[in-house]
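Enquirer: Chains as they are written, first to last, in numbering that gives the first Met the number 0: chain V, 0 to 322; chain A, 0 to 322; chain G, 0 to 322; chain W, 0 to 322; chain X, 0 to 322; chain L, 0 to 322.
Protein chains: 6
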Amino acid sequence: MSSNFFQPVDASAVPRFAGLSTFMRLPAVASAVGLDIALVGIPWDGGTTNRAGARHGPREIRNQSSLMRRAHHVSGVEPFSIANVADVGDLSVNPINLMDGLKRIEDGIADIVAAGAIPLAAGGDHLTTLPVLRAVAKDRPVGMVHFDAHSDTNDRYFGDNPYTHGTPFRRAIEEGLLDPKRVVQIGIRGSIYEPGEHDWAVAQGIRIIYMEEFVRRGAAGVMEEARAIAGTGPTYVTFDIDCIDPSMAPGTGTPELGGFTTREAQEMVRLLDGLDIVGADVVEVAPPFDLGGMTALAGATMMFELLCVLAKSVQEARAREIR
Amino acid sequence: MSSNFFQPVDASAVPRFAGLSTFMRLPAVASAVGLDIALVGIPWDGGTTNRAGARHGPREIRNQSSLMRRAHHVSGVEPFSIANVADVGDLSVNPINLMDGLKRIEDGIADIVAAGAIPLAAGGDHLTTLPVLRAVAKDRPVGMVHFDAHSDTNDRYFGDNPYTHGTPFRRAIEEGLLDPKRVVQIGIRGSIYEPGEHDWAVAQGIRIIYMEEFVRRGAAGVMEEARAIAGTGPTYVTFDIDCIDPSMAPGTGTPELGGFTTREAQEMVRLLDGLDIVGADVVEVAPPFDLGGMTALAGATMMFELLCVLAKSVQEARAREIR
Amino acid sequence: MSSNFFQPVDASAVPRFAGLSTFMRLPAVASAVGLDIALVGIPWDGGTTNRAGARHGPREIRNQSSLMRRAHHVSGVEPFSIANVADVGDLSVNPINLMDGLKRIEDGIADIVAAGAIPLAAGGDHLTTLPVLRAVAKDRPVGMVHFDAHSDTNDRYFGDNPYTHGTPFRRAIEEGLLDPKRVVQIGIRGSIYEPGEHDWAVAQGIRIIYMEEFVRRGAAGVMEEARAIAGTGPTYVTFDIDCIDPSMAPGTGTPELGGFTTREAQEMVRLLDGLDIVGADVVEVAPPFDLGGMTALAGATMMFELLCVLAKSVQEARAREIR
Amino acid sequence: MSSNFFQPVDASAVPRFAGLSTFMRLPAVASAVGLDIALVGIPWDGGTTNRAGARHGPREIRNQSSLMRRAHHVSGVEPFSIANVADVGDLSVNPINLMDGLKRIEDGIADIVAAGAIPLAAGGDHLTTLPVLRAVAKDRPVGMVHFDAHSDTNDRYFGDNPYTHGTPFRRAIEEGLLDPKRVVQIGIRGSIYEPGEHDWAVAQGIRIIYMEEFVRRGAAGVMEEARAIAGTGPTYVTFDIDCIDPSMAPGTGTPELGGFTTREAQEMVRLLDGLDIVGADVVEVAPPFDLGGMTALAGATMMFELLCVLAKSVQEARAREIR
Amino acid sequence: MSSNFFQPVDASAVPRFAGLSTFMRLPAVASAVGLDIALVGIPWDGGTTNRAGARHGPREIRNQSSLMRRAHHVSGVEPFSIANVADVGDLSVNPINLMDGLKRIEDGIADIVAAGAIPLAAGGDHLTTLPVLRAVAKDRPVGMVHFDAHSDTNDRYFGDNPYTHGTPFRRAIEEGLLDPKRVVQIGIRGSIYEPGEHDWAVAQGIRIIYMEEFVRRGAAGVMEEARAIAGTGPTYVTFDIDCIDPSMAPGTGTPELGGFTTREAQEMVRLLDGLDIVGADVVEVAPPFDLGGMTALAGATMMFELLCVLAKSVQEARAREIR
Amino acid sequence: MSSNFFQPVDASAVPRFAGLSTFMRLPAVASAVGLDIALVGIPWDGGTTNRAGARHGPREIRNQSSLMRRAHHVSGVEPFSIANVADVGDLSVNPINLMDGLKRIEDGIADIVAAGAIPLAAGGDHLTTLPVLRAVAKDRPVGMVHFDAHSDTNDRYFGDNPYTHGTPFRRAIEEGLLDPKRVVQIGIRGSIYEPGEHDWAVAQGIRIIYMEEFVRRGAAGVMEEARAIAGTGPTYVTFDIDCIDPSMAPGTGTPELGGFTTREAQEMVRLLDGLDIVGADVVEVAPPFDLGGMTALAGATMMFELLCVLAKSVQEARAREIR
């Protein structure tokens, strides 16, 4: 079966700097049909309130993902052997029209979902997750494991504007896309607009694990709770690169000191194992503010970590179907 | 009379790196009332189709403008002695709502115009010039001297979107803000979408002086024609930093090889002397793509060059009134 | 009462990149009169023995401080509601005359102290702390909590020069500005000139906590001791950014591998709570050696952390006075 | 006829930052069969004696070539309408085995030539031109127009090593690939190993036009002579990016002050019109030493300039065949 | 005795930025005769499969090593008082001929060994360690403590090429230079080519301590085992800078997320104390990819840490001889 | 005779990145005795009023000077064959004591002069030229050819401070070191403190050639006049790197738009041929503000250009003596 799966170019045969730049050196395909997991770029930052640049994220994440190899050194998972994965390119976007931009992203992800593939997206700013959820959670609310420095559940900006990268999850809850009781936010930190900034989110049932709680409990403890919150239902995973400390991921729009190390982030993502993940993304990689591709490399590596978890989940689902 | 004019901080008394950062180290004032010339920032790039970042332009132009001194070494003009000039801060902007953004800019410039001051703006992308013209040319169309690599008279982008930094002057002509027969574009170059890309502009009466013609004729010849085209009527001057070669102004959204040297640009702006300038701007300085502040320094210096021409124009107008 | 306090510009109303750049987007005021806490820049690096550039620190710290918001997410402190805080600009400096430079800084801080405000300064190199102490500790020696990679208690450089950024605290003790028995230095590390380099400091009574001791004991343990050393008397807090690891704060003159993470630094500063802090500074941010503003952001964030502690201290002092 | 030609993605429909990165946003194809002109990357710098990095050239040139549009603003040429052009990807290379690397490049270009397409290559260091010539000039020596700061006709390096980026054209003449009397080198400058360094080249019949002669005569005069030297026979064009001044093209291995401006380089390439060009390349773009993509943008633009000349040549050849 | 040892320039007398740049500001000497420890550069990256640049490592490590002082703040070791140490310059290399490059390095190190000095080398890519071992282990296999993200025991690349920076230790074992049962690799991590990638190494007897095991056990536990593995026999120490996290050492060819902090690396190297070290190196510092000299500073500091351990070992050996 | 002259390392034998970094890869010698021309670094920026960093100039100029070869491609001069040239290292400096700094530089240059060598210095800021002149012109005033954006003849800064990099030539004239009637300043431009800023200089007899006059007349005309002004007497040449346009030399303290191209600067320096040059310098290269070493490369190349002129002058003087 796996003999027909797409395979990445092997860096011991073709050097990493050679060839067209695709996610993890996989083939670029025109459609998600036949894929288990579709790697997709969403080059859009229409919701960014401060430093734009996440529109350039997918291209640089592709470049840095040339450093990924075929197997995970801890779990032993070989994602490309147990799932059919390819690069479906970038979604069509509109950098100057917010509402059209949201529509295009929703449509693009809907095509992937309709093809039976799980989207693993490279953003884009965090507002991109809203239209992704509109496609992925169209039929029922999903749970969410959310790694971030910010809760992104604010209400309005610059007057009465409801759609920014600071508001996607308030909108998603209002639209019934998320089941807030199955949502956990991990790594929240940094100065806030007002002491009650997170009250609305908490009142909806979201569990916020601040950075300080993470430091006390560690990855294993936190992720045990996170998995319990997400439960066995369909779950989305969103990884805002600014959850990582700015020294390790400087290329982002709203850096906050005191974040996760990449080691901590990797450990947490590995502990997502066993969830029923229906989609995932890595967002807010903003190359114009990056240094030496460090943030894009972190983004690419986190995509690989997510991919290994997703691929194993696909394999297990397939095994269940066969039984 | 001049004893009441605002003066910049003197760098031989207070070093350039000290003190709050304002345009040319002038006082920051809350309103344009009482000013002859209002230096104003427009930190907005809502119309950018490729690389955003001009929203950060005003801050970096202010930083680099600390290198300006009090007098022009060629013309001998002392702008701060013959005109009242200050930094009126940044206009209120909206980074995520294009139509609201346009409105806020128009309102902000209208306030300056109503106060009797001439706006000298630091953008912002080139779409910012459209709402500036709506305020400056509200009562009658104006002429325009336009330094740029691009004509910016395209029609629609990404479907049916009329407002981008590639379309401001088509809109301005349609809205009756510009008299196309009094418009000259200098420095146009680079690959184009189609051979007829500039036909509409030429048909309206705009005179396009391509870079190659400039190379043949030189600054003096070109500017003699430009002054003749603009004539004696009210004229706006817009300076897109990408008219300068990318090696000298890399920090911009749409670089095109083969541009003006800064020496050529300075010579041309000095030859604007004698026009009736009702407003001016320097746009498309995009700090996230800048190198060592080089582009912001070019922007700040071109603002100083424009200021010297404007101040002399103010002085002459005042002299005429007194007579 | 708090209704008259200065408030920062709200980033959900005006984007962070807009407006003049001041500390934490607070108003710029001409004098410290009426303030509880004066944020002040000291753009001077006249004592730097290796890589200069801290003279540019205040400007970049101001830029990056636009990312600060109104409330502390752990302590819940809202500094701008419980204390009157503003940006009093930069002190007058002299970059080419060391003795005049020291005098100007002392005078500038003396004005702030005379106005009844507590100075929270952004340096500048570490020699700036000496004239600050001359103003703050004019009437009696103070204790000091000192975060740094270096003890800065050397004696002479380049022959017989007593004033450099490697000597301020030796001079301060000699001048009776510091009570060495109430001084603790935390984070000291890196190769040293000779094994006995710190003997003088220890002989005076200074407690040096090397990085390796910190790693063993953790922030809570170390800070418990630090608070005990500082005691209930008036205490100065000086935060040399090079106490943080160079990977997180590369923009400094004398980087030393193996420093604090920002998370550790934040935890320690939060544990200053309860001290009687009469002044504080963040020094040695050198933007010409910074990468992507990372160090200036660390400096700005540490200033915010210090501000929250200071504001609470002001609030408590006011409460005591009222009783 | 042209309706079947490949077309680039239109930037007014899909933003330049979106989509996979190919040369000029053309389709990526698996073979040169059916193409008139094959854009090909040669990511190899095995012959570099100082600063390596040209191996990364093709990827960054592709990225920057997203700024190219469909038509040439001076000649009016629409290359994609008059010739079938596509991106055939990168040649297979070997970064650690020089002789195998040379063989792979020769084989790869031979495939393109066999398919009937003209190769327009993005290097790679200048040694890559030797195996390209082995494929292109297999059957008869060719003439060459060579833009460069260096003659690249040295003999041996580091002992007795014949193949480096300083020796390709000595080897090519020895191998009978170049007709030295039809070779012109333009822009040569910089300090030399010894006064007679170029004697061998001149003795073979190569015409060297030093930078100083270019400055005196100008592009038109120099190119008239260059066209006469190349004559009507098959001619290769090689454009070493270091012919351009390092301020405009810093990302290269052996920068030499005092080079061409990009404006001059563009003018010269446009004057290649009418030659029988059988292949061309842009080499020595070394992204690790580039600043803001400036050099890669220059490389991409020079490729576009070369492409317009090539396409017109293809069109004229086709017209001749039809007649 | 120590009065005749070479001493570094004192930074409190001559500033760090002044004077020729040598390792740790030591004298440059023409030969290793009379030295206990020879600091030597190996500017060669002929085995690099992806991003070259380690050829520039020695120069930048020298520059950054100007920040080192005379004594170790933890161990109290004064290396320059207990061992004669100097900078013997760079080995002769050949950047375009792999086999000649290997030969030149072996010969250069053999000269140092013949002079009775221990080489402490600054690479260069990791393939440089193979010819170093050929010189150091000529007479008998040695043990090795190996800090790295990669095992570097692969077999062939790009066809049948046996010598790359991914293969040195497979070759070294095959050549009998290493006793694999006395080899420990610490910090291995990152995606791998295939699940069995390390099987060959393990089968030889190499002990691989993955990063995750290090995180669980800590430096003390891991190094206790490492010392036991290396035992009392002659041991080589090789420190690949990519064992450190890319955020702290970005300037390297094959970065892998999730590495050691510099604090952890320093702690481990200090725990090498007591081994019989016959040579050591710091490799894979690639300045073209570095940020602000951060990686070269890490490399220089790790060299200083290794030097302190080596010098103490020299001192103890001398003491044993005297007895 | 020339057989005993020092020779640079040959880049076709030893790659440019290898070996200790000295000026033009010449031997480092301890004293100027026996030299005709002494290349010397002056790592000092104690007079800098804005952006410091020229203290790091000599090190980076040395690094970039590795790109220089043995012969001049236009004049054919082989400087190392006709004059004995070596790197005498850096002068002893004091970064924190201005008056001691001036003294040390004067003493250091006096030693070179006493040894009978001509100093060719790499600064350092422009104040370094004052103590150099004190040594070189001790016995009689000299003429000077001065390339610069600024006249550097101001009087006082920051109160009553007479010594800054804006004042050296006022002091030099007051001290009788310069004969103002034999001084020409070329390239002066940029905004000025007041219209009469240069009146004092002109009144002394200095000839100022502004950039605009240079543009009109060209290098040949300007240099003919410059040679006439300097005449046959002893002449010093000082080359402030900021005379070159900031796009070509961004790494400097006080950049001014519209400067010389490097091509123009090279042409002018070549036309110094025939003067009796008693010393020369290249100053104001400030690496912390440089981009990619571009400015240091310009500085190194201008040193090479100056060296060729100096060496020929030495050769001719020797010929005269022999006759």
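All C-beta atoms in this analysis are idealised placements derived from N, C-alpha and C, irrespective of residue type, glycine included. In this text the structure is predicted, and so the values were computed from the model without any measurement.
#1: With 16 as the cutoff for other CB atoms within 10 Å, does L:Asp159 come out buried or exposed?
#2: I'd like to know if V:Ser246 contacts chain G, where contact means its C-beta is closer than 8 Å to some C-beta of that chain.
#3: How is V:Gln6 classed by DSSP in three states: helix, strand or coil?
#4: Determine, using beta-carbon pairs with one atom in the stretch 232-242 of chain V and one in the stretch 253-264 of chain V, whether at least three such pairs fall under 8 Å.
#5: Look at A:Leu309 and A:Leu19 and say whether their C-beta atoms are less than 8 Å apart.
#6: Spatial neighbours of W:Tyr192 within its chain, please: C-beta separation below 8 Å, excluding the five flanking residues on both sides.
#7: Among all the DSSP beta bridges, which residues are the ones paired with X:Val282?
#8: Among the residues of its own chain, which have a CB less than 7 Å from the CB of V:Leu126, if the five just before and after it don't count?
#9: Does the beta carbon of W:Tyr235 sit closer than 8 Å to a beta carbon anywhere in chain L?
#10: Going by DSSP in three states, V:Arg206 sits in which element: helix, strand or coil?
#11: What does a CB cutoff of less than 8 Å around V:Lys295 pick up in its chain, not counting 5 residues either side in sequence?
#12: If the criterion is Cβ atoms closer than 8 Å, does the pair G:Thr234 and G:Gly292 meet it?
#13: Anything in chain A within Cβ reach of V:Thr47, meaning under 9 Å, just list it in chain order.
#14: Between L:Gly230, L:His72, L:Gln184 and L:Val28, which has its C-alpha nearest L:Phe5's C-alpha?
#15: Between which residues of its own chain and A:Ser312 is the CB-CB distance below 6 Å, once the five residues before and five after are set aside?
#16: Considering only the beta carbon of each residue, do X:Asp35 and X:Ala82 sit closer than 8 Å?
#17: Determine the extent of the beta strand (DSSP E) in which X:Gly142 is found, giving its start and end residues.
#18: Pick from V:Val84, V:Ala202 and V:Val112: whose alpha carbon is nearest that of V:Leu305?
#19: With 8 Å as the threshold, decide whether the Cβ of G:Ala27 is near any Cβ in chain A.
#20: Measure from the C-beta of G:Ala297 to each C-beta in chain B and report whether the shortest distance is under 8 Å.
#21: At a CB distance below 8 Å, what residues from the stretch 16-42 of chain A approach chain G? Give them in sequence order.
#22: How big is the Cα-Cα spacing for W:Met0 and W:Gly273?
#23: Determine, using beta carbons only, whether W:Gly56 comes closer than 8 Å to chain L.
#24: In or out: X:Thr231 buried (at least 16 other Cβ within 10 Å) or exposed?
#25: How many angstroms separate the CA atom of W:Ala229 from the CA atom of W:Val221?
#26: Please decide whether V:Ser150 counts as near chain G, where near means a Cβ-Cβ distance under 8 Å.
#27: Is DSSP giving G:Ala37 helix, strand or coil here?
#28: Please decide whether X:Pro14 counts as near chain L, where near means a Cβ-Cβ distance under 8 Å.
#29: Based on the DSSP secondary-structure assignment, which residues constitute the bridge partners of G:Asn160?
Expert: This is what the structure holds:
#1: exposed
#2: Taking 8 Å as the threshold, the shortest C-beta distance from V:Ser246 to chain G falls below it.
#3: coil
#4: yes
#5: no
#6: Asn153
#7: X:Asp239
#8: Gly45, Gly46, Tyr162, Thr163, His164 and Pro167, listed in sequence order.
#9: False, the Cβ-Cβ gap to chain L never drops below 8 Å.
#10: strand
#11: Strictly speaking, residue 295 of chain V in this sequence is Ala, with Lys absent from that position. Cβ within range, chain order: Gly56, Glu59, Ile60, Asn62, Gln63, Gly250, Val284, Pro286 and Asp289.
#12: no
#13: Ala51, Pro94 and Ile95
#14: L:Val28
#15: The answer, listed in chain order, is Ile276.
#16: yes
#17: Val141 to Phe146
#18: V:Val84
#19: It does; some Cβ of chain A falls within 8 Å.
#20: Here chain B cannot be found, since the structure's protein chains are V, A, G, W, X and L.
#21: Against chain G - using a Cβ distance shorter than 8 Å - the residues of the stretch 16-42 of chain A are Phe16, Ala17, Gly18, Leu19, Ser20, Thr21, Ala27, Gly40 and Pro42.
#22: Only weak support is given to the placement of W:Met0: the predicted model assigns it a pLDDT of 43, under 50, and the question is left unresolved by the model.
#23: no
#24: It counts as exposed.
#25: When rounded, the separation of the alpha-carbon atoms in W:Ala229 and W:Val221 is 12 Å.
#26: no
#27: strand
#28: yes
#29: G:Tyr156
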